[in-house]
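Okay, structure first, notes after.
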Amino acid sequence: MSIIERLFRKRKIQVRQRPFIIEEPKTKEDKSVSCQVDDRYCRICFDDKKKEMPVTACRCKGTIGLVHMSCLEKWLAMSNTHSCELCGYNYQTIRTPRYRVLYSIYYWVFLDRNPQYHRGLKSDFIVFVVLTPIAVVGVYSCIVAADFYSKEPHKYSPASRWTTISLLIMVVLLTFAYYLWVAVTIRFHMRIWYIWWQANNIVKVIPRDPEAAPSTESTSSRRIEAVPSCGVSHAETQIPINEYSV
Numbered sequence: 392m393s394i395i396e397r398l399f400r401k402r403k404i405q406v407r408q409r410p411f412i413i414e415e416p417k418t419k420e421d422k423s424v425s426c427q428v429d430d431r432y433c434r435i436c437f438d439d440k441k442k443e444m445p446v447t448a449c450r451c452k453g454t455i456g457l458v459h460m461s462c463l464e465k466w467l468a469m470s471n472t473h474s475c476e477l478c479g480y481n482y483q484t485i486r487t488p489r490y491r492v493l494y495s496i497y498y499w500v501f502l503d504r505n506p507q508y509h510r511g512l513k514s515d516f517i518v519f520v521v522l523t524p525i526a527v528v529g530v531y532s533c534i535v536a537a538d539f540y541s542k543e544p545h546k547y548s549p550a551s552r553w554t555t556i557s558l559l560i561m562v563v564l565l566t567f568a569y570y571l572w573v574a575v576t577i578r579f580h581m582r583i584w585y586i587w588w589q590a591n592n593i594v595k596v597i598p599r600d601p602e603a604a605p606s607t608e609s610t611s612s613r614r615i616e617a618v619p620s621c622g623v624s625h626a627e628t629q630i631p632i633n634e635y636s637v
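Position 240 of the sequence shown, counted from 1, bears residue number 631 in our numbering, the numbering being contiguous throughout.
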């Protein structure tokens, strides 16, 4: 047997043992499922890998109206709103405070680490500690001086009278300015605390219909909308070759 015949025979045996792939076009029935695209993602987190199924909780149409119930409840709590920012639909919600009032104030002042809700709190506290003794000493000094000039032998002197009146006016203005600053500062920080307290509520959204109830189906079972493929799809079929002829 010549070398050429042996090489040809060896090649023939290898082709017999190795299958090859033939690509054939799919039928019309298979084209509808050739390319499944899951476009049902949450408009808040844009995460399509969650097990929670996005639902339509408002009047928004299409994929823009799909949200995860957990994302929606968290967003409503943090934004302290109860309506959709796009269509204006009012959600039916149940809000439960996470902390009681007194404990929430303690938690907000000492335990919370979010700088957004502590703007100027420490500086205002330092100013309060420094300003309070100054205001008390100033008011007390003015009152003592006014009392001194109102007694004998200064009470009949015109200068003493004007001095006493000026000191009393200074006491009134100083006291009014101090309490006004304290009231404005407390109101400002209490407003920030209230926003923080409302943002930490536990919000439960009541679905507007039974179909909007959240589901825990897997991601693979959520591919319910199939989009036809843009091109021609082909299936790969392995066909073993038992014989090969040249």
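Each residue gets a CB set at the ideal place from its N, CA and C atoms; glycine is no exception.
Since we're looking at a predicted model, the values are computed, not measured.
query: Expressed to the nearest angstrom, what Euclidean distance is found between the alpha-carbon atoms of F579 and L571?
result: Position 188 of the sequence shown, counting from 1, holds the residue named residue 579. Position 180 of the sequence shown, counting from 1, holds the residue named residue 571. Their backbone Cα atoms lie some 12 Å apart in a straight line.
message: Quick check on T487: does DSSP put it in helix, strand or coil?
response: By 1-based counting over the sequence shown, the position of residue 487 is 96. T487 falls in the strand class under three-state DSSP.
query: So, are the CB atoms of N481 and S470 less than 9 Å apart?
result: Here residue 481 refers to the residue found at position 90 when the sequence shown is read from its first residue. Here residue 470 refers to the residue found at position 79 when the sequence shown is read from its first residue. Not in contact: N481 and S470 (Cβ atoms no closer than 9 Å).
message: Mapping the DSSP letters down to three states, classify L477 as helix, strand or coil.
response: Here residue 477 is taken as the residue at index 86 of the sequence shown, counted from 1. Coil.
- prompt: For T555, does the count of other Cβ atoms within 10 angstroms reach 16, so buried, or fall short, so exposed?
  reply: To locate residue 555, count along the sequence shown from 1; it is residue 164. Result: buried.
field: Assigned secondary structure, I435 (DSSP; H/G/I helix, E/B strand, else coil)
entry: The residue you call residue 435 lines up with position 44 of the sequence shown. The answer is coil: DSSP assigns I435 none of H, G, I, E or B.
- prompt: Got a sec, what are the start and stop residues for the alpha helix (DSSP H) K465 sits in?
  reply: Reading the sequence shown from its first residue, position 74 is the one you call residue 465. It spans M460 to S470 - the alpha helix (DSSP H) in which K465 sits, taken as one unbroken run.
task: Can you grab the Cα-Cα spacing for the pair D515 / W588, in whole Å?
output: Taking the first residue of the sequence shown as 1, we reach residue 515 at position 124. Taking the first residue of the sequence shown as 1, we reach residue 588 at position 197. For D515 and W588, the distance between alpha carbons rounds to 21 Å.
- prompt: Which whole runs of the beta strand (DSSP E) in the segment 531-582 are 3 residues long or more, in chain order?
  reply: none
- prompt: Is there contact here, the segment 455-470 with the segment 431-439, by at least three beta-carbon pairs under 8 Å?
  reply: yes
message: If we require 4 or more residues per run, which alpha helix (DSSP H) segments fall completely within the segment 498-533?
response: none
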